[in-house]
Amino acid sequence: MENKKDLQIQLIPYDENTGSDQFDLDRVIYDLDGQIKQLSSQADSFDYIISAASGLMCSMLDIFWVGEFDLERGRDFASEKVESFVKKTASMLGCEQDDLKASVKFLEKKFPLPSDGNTPDFGGGLQHHLRDFAHHPTIVGLAFSLLTQFTYKSYGTDENGTFIIREIPEKSRVFIGKDTSQKIINGTIIWFFHLVSDMAGSGNTAGLSGGTGIPGPLLSMAKELSVLPIFRNLKIQDNGISSFLSRLFNGTLLAKRNENGTIIKDTVLKMDLRGELGAAAELGRQAIPVIANECIVRTFYFIRHLAAELKNQKITQLGDFKKIQWEDVLPANNPTISRMLTIATGVFTTVDVASAAATQKFWVSINYVGVGRFALAIGEDVSWCIKARNVKKIRKMYEEIKRFSYTDEDNRIYGRMGNDMEVNKFGLTLEQTEILYNLEYLKTLNDIQQTKIPVNGEKIKQLKMEWLSEWKDYIGNAFSSFTQVEGAQIKWYSKKQLLNLIEKEKANDIWFRLVLLEAMLFEPYYPLSVEKNKKGIEVPTAKYKTLQNALFGYKEQEGDKYLDQYFSKECYVDGYVKRLRKCYKKVIRELNEVLKTALTSLAIAAGITITTIATAGAFAPTIAVALVGSNFAGLSGAALTSACLAYLGGGAIAAGGLGMAGGTIAIVGGGAALGLGVGAGVGGAVGAVSIAGKKEAILQSAKLLVSVREIFLNDEHDLEYSNSVMEQYVEKIAEIEKGLVDLRLKADEADGKEKKELKKKIKEAEDTVEAMKIARKSMRKFVSSFETGMQQTEEKSEESS
2 MENKKDLQIQ LIPYDENTGS DQFDLDRVIY DLDGQIKQLS SQADSFDYII SAASGLMCSM
62 LDIFWVGEFD LERGRDFASE KVESFVKKTA SMLGCEQDDL KASVKFLEKK FPLPSDGNTP
122 DFGGGLQHHL RDFAHHPTIV GLAFSLLTQF TYKSYGTDEN GTFIIREIPE KSRVFIGKDT
182 SQKIINGTII WFFHLVSDMA GSGNTAGLSG GTGIPGPLLS MAKELSVLPI FRNLKIQDNG
242 ISSFLSRLFN GTLLAKRNEN GTIIKDTVLK MDLRGELGAA AELGRQAIPV IANECIVRTF
302 YFIRHLAAEL KNQKITQLGD FKKIQWEDVL PANNPTISRM LTIATGVFTT VDVASAAATQ
362 KFWVSINYVG VGRFALAIGE DVSWCIKARN VKKIRKMYEE IKRFSYTDED NRIYGRMGND
422 MEVNKFGLTL EQTEILYNLE YLKTLNDIQQ TKIPVNGEKI KQLKMEWLSE WKDYIGNAFS
482 SFTQVEGAQI KWYSKKQLLN LIEKEKANDI WFRLVLLEAM LFEPYYPLSV EKNKKGIEVP
542 TAKYKTLQNA LFGYKEQEGD KYLDQYFSKE CYVDGYVKRL RKCYKKVIRE LNEVLKTALT
602 SLAIAAGITI TTIATAGAFA PTIAVALVGS NFAGLSGAAL TSACLAYLGG GAIAAGGLGM
662 AGGTIAIVGG GAALGLGVGA GVGGAVGAVS IAGKKEAILQ SAKLLVSVRE IFLNDEHDLE
722 YSNSVMEQYV EKIAEIEKGL VDLRLKADEA DGKEKKELKK KIKEAEDTVE AMKIARKSMR
782 KFVSSFETGM QQTEEKSEES S
């Protein structure tokens, strides 16, 4: 072919669009796509490899260097630090002896606590630091210390964990302040330094066997909570919570026992303040490889993205650094780094847990810091996914609105079609668009009137009416924006007015049957707006969620019945809408099956069909008509028989033989606006633009195939135009495939994020092209089969003449 077509591209700025940006659905969807991209991980295979390698390397560091969680080692370390702290504090306050026991006695004498006089009431020397709340290093402990100063009472629990109040003995009342200021000083400063004196044990036990120190903050809070009614009867390991906490504090809970069940003395491990500090020290050791893992991943992310930014911005001198988009470089607060950290911490924890299972030292070999960090990473990653999912829901809502909106975009698409196409056959005028919206309105109103639900029926009807009112307002406000006709306002008609308008617009023409197809496919009660959920995140409104189930929602059968009975027989024959629905369902089912690659069962059925026709002899024409005759509603007699035989054999190719096996399993396609917008796919001669996904390809291709089969062939017998449509379809496939070549070449030269994006576009384009090719084959088969039937009719006519 010598002739070449120049691809013309026209950019229409947003500010030149007529109407409100609120109803510029393409712009809204484009902006939402940008948000989804920002909220979705852009990590590529290299990011995943580095993250996994970091997790593996740091897990080895944990296993071979950090080793097991050893509470005894941690407590010994903490004891040294606590004893050093006590001696330094005593020395600063005037103690002349550098001895732990002397330091403790010095502090006890200098900073006495009134509630020490109630030691016997709170379990004696071994338990009173736990049971007396004034000995707790918490806010609650401070509060009870002050309360003691003002009430002359001490507060705590008995051995059963019951909250008790005891009077301060006379000998200890000298430690209570005489006035308010002294009471506050005694209840705070004196209280604090007394706790310091008790950290390493009392004056009699310090330095001997570790002494009875004060409980740590965690154990103190647990003891304080245990007196509340909701916790008092809680059982842990068949012990009451009070008994469990007491055993944990005095060390018998964690102690090892001999074969007779007797505690081995040297294994007693007290969980006092030194025990909690020891546990913290061990967790600090475990944190080292976890922090290393974090640093490696974040550093890699920073260096890689900084290098990409330097390259993209063409940084050649220090002054150019202001061009850098630091939010794209910093390794924080973005879904990509969250995904990388999830991979790194996941690998780390998996190896760690596997090692613990292999050594059968589950509780001491697991890195608890690593498990916690992995849980946080999952939570953060999931939060980004939820944010992206919410935006995708909103995008889906606008796609649904766009699906049932008829905009000026269609006219711009028609402008890209060949000059030999009669585009007005697919186009609607302003008045015809009005008719379509009015049909959808009346169809929905009928659905509401036909709603008969025994329970809450009136509420469901009211909810449906609210949706219809909101939809009517939305379409009314958006009409000018959708049609790009300045000042255009939609008119809403009564049934009688609408019938008169349809008659005026010539209902026998093709446009009306296309309108019927669109009205038939219209399904109301989809979301029309967004709302904020409990977390303040925008999501599609859930107001009409009840109407989206089969029991309360739209009844397809009622809608089709209404459209079939709405018009006189002059517009179309009885059951016409039913025929359109049957064809559409068949096409959708077949397209879906192909996309799912569920071909086996259909292929078997097709094989049986072909075998039946091939071996049926004289009965073959009858069987053929019985199997697929309903597809060719516009033919009869010999023409119908010829078309059916050709269709089962794969089209006109099979006129002298069976041709390809069973074309009914190979129907799938892609397009937009009755399938003719496919030229807006990957960019023809100049590159690539975005394309519809497979779901949209199914829906639009189904419309195209129904239009060609039922309207242009069965109704109009317009073989010439149907062939034009098919040729246009083939041309668009060629455009996309040519654009794919350009995309692949570009992807070969790209790297990083750009390469990932291009690969995604290529995959989408390949899927759509695959679907379109199969749809093209299906269309060609049907058109050629119909042509075979028509030829039979012409031959019979010539013979009779």
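First residue of the sequence shown: 2, per the working numbering; consecutive thereafter. Even glycine gets a Cβ: it sits at the ideal position worked out from N, Cα and C. Just so it is clear, the structure is predicted and the values come from calculations on it, not from any experiment.
- Item | CB-CB length for PHE322 against THR346, believed under 8 Å | The residue labelled residue 322 in the question sits at position 321 within the sequence shown. The residue labelled residue 346 in the question sits at position 345 within the sequence shown. The pair is not a contact, with the Cβ atoms about 32 Å apart (cut-off 8 Å).
- With a Cβ-Cβ cutoff of 8 Å, do ILE737 and ALA748 count as a contact? Stepping through the sequence shown from its first residue, residue 737 is reached at position 736. Stepping through the sequence shown from its first residue, residue 748 is reached at position 747. Cβ distance not < 8 Å, so ILE737 and ALA748 don't count as in contact.
- Which value, in whole angstroms, describes the spacing of the CA atoms of CYS296 and ARG305? Taking the sequence shown and counting its residues from 1, one reaches residue 296 at position 295. Taking the sequence shown and counting its residues from 1, one reaches residue 305 at position 304. The straight-line gap from Cα to Cα measures roughly 14 Å.
- Limits of the beta strand (DSSP E) - the one that SER41 falls within: Reading the sequence shown from its first residue, position 40 is the one you call residue 41. Where SER41 is concerned, there is no enclosing beta strand (DSSP E), given that its DSSP letter is neither H nor E.
- Query: Which partner residues does PRO336 have in the DSSP bridge list?
  - Reply: Counting from 1 along the sequence shown, the entry for residue 336 is found at position 335. According to DSSP, residue pairing for PRO336 in a beta bridge does not occur.
- Query: Between ALA479 and LEU437, what straight-line distance do the alpha-carbon atoms span, to the nearest angstrom?
  - Reply: Indexing the sequence shown from 1 puts residue 479 at position 478. Indexing the sequence shown from 1 puts residue 437 at position 436. Answer to the nearest angstrom: the Cα atoms are 15 Å apart.
- Please classify CYS645: does DSSP put it in a helix, a strand, or coil? As a working note, residue 645 is residue 644 in the sequence shown. In this prediction, CYS645 has a pLDDT of 45, which is less than 50 and means its spatial position is unreliable; what the coordinates show is noted afterwards. Note: CYS645 maps to helix in three-state DSSP.
- Query: Which of the three DSSP states, helix, strand or coil, is assigned to ASP133?
  - Reply: Numbered from its first residue, the sequence shown carries residue 133 at position 132. Secondary structure of ASP133 (DSSP, three-state): strand.
- Using CA coordinates, which residue listed in PHE513, MET341, THR484, ILE538 is at the minimum distance from PHE47? On the sequence shown, position 46 is the one that residue 47 refers to. Nearest of PHE513, MET341, THR484, ILE538 to PHE47, Cα basis: MET341.
- Task: Answer with yes or no whether the minimum CB distance from GLN314 to chain B is below 8 Å.
- Result: The chain inventory of the structure shown lacks chain B, comprising one protein chain alone.
- Message: Can you look up VAL540 in the DSSP assignment and give me helix, strand or coil?
- Response: To locate residue 540, count along the sequence shown from 1; it is residue 539. Strand at VAL540.
- Counting pairs of Cβ atoms below 8 Å between the region 352-369 and the region 311-321, do you hit three or more? Taking 8 Å as the limit for Cβ pairs, the verdict is that the region 311-321 does not touch the region 352-369.
- Message: Measuring straight from C-alpha to C-alpha, what distance separates PRO121 and PHE164?
- Response: Numbered from 1 along the sequence shown, position 120 holds the residue referred to as residue 121. Numbered from 1 along the sequence shown, position 163 holds the residue referred to as residue 164. Counting only the Cα atoms, PHE164 lies some 15 Å from PRO121.
- Message: Tell me the DSSP secondary structure of GLU168 in three-state form.
- Response: For the purposes of this step, residue 168 is taken as residue 167 along the sequence shown, with counting starting at 1. The answer is strand: DSSP assigns GLU168 an E or B state.
- Query: Taking C-alpha atoms, which residue in ASP474, GLU467, TYR49 lies nearest to LYS546?
  - Reply: On the sequence shown, residue 546 is found 545 positions in, with the first residue counted as 1. Selected option, being the one with the closest Cα: GLU467.
- Can you give the Cα-Cα distance for ALA639 and ASP768, rounded to whole angstroms? Locating residue 639 in the sequence shown gives position 638, where the first residue counts as 1. Locating residue 768 in the sequence shown gives position 767, where the first residue counts as 1. Its pLDDT being 45, under 50, ALA639 is placed unreliably in this model, and the coordinates cannot settle the point.
- Task: Could you tell me which uninterrupted beta strand (DSSP E) segments, each at least 3 residues in length, are contained entirely in the region 504-553, listed from first to last along the chain?
- Result: Complete beta strand (DSSP E) runs here, min 3: 531-533, 539-541.
- Task: In the DSSP assignment, find the beta strand (DSSP E) that holds LYS492 and state where it starts and stops.
- Result: Here the question's residue 492 lines up with position 491 in the sequence shown. Element bounds for LYS492: n/a, residue is neither H nor E.
- Task: Would you list the one or two residues that DSSP bridges to LYS110?
- Result: Taking the sequence shown and counting its residues from 1, the one referred to as residue 110 is at position 109. Answer is none; LYS110 lacks a bridge partner.
- Task: Go ahead and label TYR31 buried or exposed: buried means 16 or more other beta carbons lie within 10 angstroms of its beta carbon, across all protein chains shown.
- Result: Reading the sequence shown from its first residue, position 30 is the one you call residue 31. It counts as exposed.
- Item | Length of the line joining the Cα atoms of ASP743 and LYS393 | Reading the sequence shown from its first residue, position 742 is the one you call residue 743. Reading the sequence shown from its first residue, position 392 is the one you call residue 393. Each residue's Cα considered, the two are about 29 Å apart.
- Would you report the Cα separation of ASP382 and ASN391, rounded to the nearest angstrom? In the sequence shown, the residue the question calls residue 382 occupies position 381. In the sequence shown, the residue the question calls residue 391 occupies position 390. Looking at the two C-alpha atoms, the distance is approximately 14 Å.
- Query: Roughly how many angstroms lie between the CA atoms of LEU195 and GLN150, to the nearest whole one?
  - Reply: As a first step, residue 195 is located in the sequence shown; it is residue number 194 there, counting from the start. As a first step, residue 150 is located in the sequence shown; it is residue number 149 there, counting from the start. The sequence given here has His at residue 195, not Leu. Each residue's alpha carbon lies about 15 Å from the other.
- Beta-carbon proximity of SER80 to ILE344, cut-off 8 Å: By 1-based counting over the sequence shown, the position of residue 80 is 79. By 1-based counting over the sequence shown, the position of residue 344 is 343. Not in contact: SER80 and ILE344 (Cβ atoms no closer than 8 Å).
- Query: Ends of the beta strand (DSSP E) at SER155?
  - Reply: Taking the first residue of the sequence shown as position 1, residue 155 is located at position 154. 154-158 is the extent of the beta strand (DSSP E) around SER155.
- Message: Just to confirm the assignment, what range does the alpha helix (DSSP H) spanning PHE194 have?
- Response: Here residue 194 refers to the residue found at position 193 when the sequence shown is read from its first residue. Element bounds for PHE194: 192-199.
- Query: Where does GLY178 fall in DSSP's three states?
  - Reply: Reading the sequence shown from its first residue, position 177 is the one you call residue 178. DSSP places GLY178 in coil when its eight states are reduced to three.
- Which residues mark the beginning and the end of the alpha helix (DSSP H) in which ILE264 is found? Reading the sequence shown from its first residue, position 263 is the one you call residue 264. From DSSP, ILE264 is part of no alpha helix (DSSP H); its letter is neither H nor E.
- Task: Determine the contact status of ALA135 and GLY142, defining contact as a CB-CB distance below 8 Å.
- Result: Numbered from 1 along the sequence shown, position 134 holds the residue referred to as residue 135. Numbered from 1 along the sequence shown, position 141 holds the residue referred to as residue 142. A contact, by the Cβ cut-off of 8 Å.
- Cα-Cα separation, LYS782 to LEU518: On the sequence shown, position 781 is the one that residue 782 refers to. On the sequence shown, position 517 is the one that residue 518 refers to. Computed Cα separation, rounded: 22 Å.
- Just checking, does the region 169-177 make contact with the region 218-227 on the three C-beta pairs under 8 Å criterion? No, because fewer than three Cβ pairs between the region 169-177 and the region 218-227 fall closer than 8 Å, the two stretches do not touch.
- Message: For a quick check, are the C-beta atoms of SER127 and ASN251 less than 8 Å apart?
- Response: Taking the sequence shown and counting its residues from 1, the one referred to as residue 127 is at position 126. Taking the sequence shown and counting its residues from 1, the one referred to as residue 251 is at position 250. Reading the sequence as shown, one finds Leu at residue 127 and not Ser. One thing to note: LEU127 has its Cβ within 8 Å of the Cβ of ASN251.
- Query: Should LEU108 and SER198 be called a contact, given that it needs their Cβ atoms to be closer than 8 Å?
  - Reply: Sequence index remark: in the sequence shown, residue 108 carries index 107 (1-based). Sequence index remark: in the sequence shown, residue 198 carries index 197 (1-based). In this structure, LEU108 sits near SER198, with a CB-CB distance shorter than 8 Å.
- Item | Spatial distance of LEU499 from TYR442 (CA atoms) | Residue mapping note: residue 499 aligns to position 498 of the sequence shown, counting from 1. Residue mapping note: residue 442 aligns to position 441 of the sequence shown, counting from 1. Spanning the two alpha carbons is a distance of roughly 11 Å.
- Task: Could you tell me the distance, in whole angstroms, from the CA atom of GLU532 to the CA atom of GLU557?
- Result: Translated into positions along the sequence shown, residue 532 becomes position 531. Translated into positions along the sequence shown, residue 557 becomes position 556. Spanning the two alpha carbons is a distance of roughly 28 Å.
- Please classify LYS556: does DSSP put it in a helix, a strand, or coil? By one-based count along the sequence shown, residue 556 stands at place 555. In the structure shown, LYS556 sits in coil (DSSP, three-state: anything other than H, G, I, E or B).
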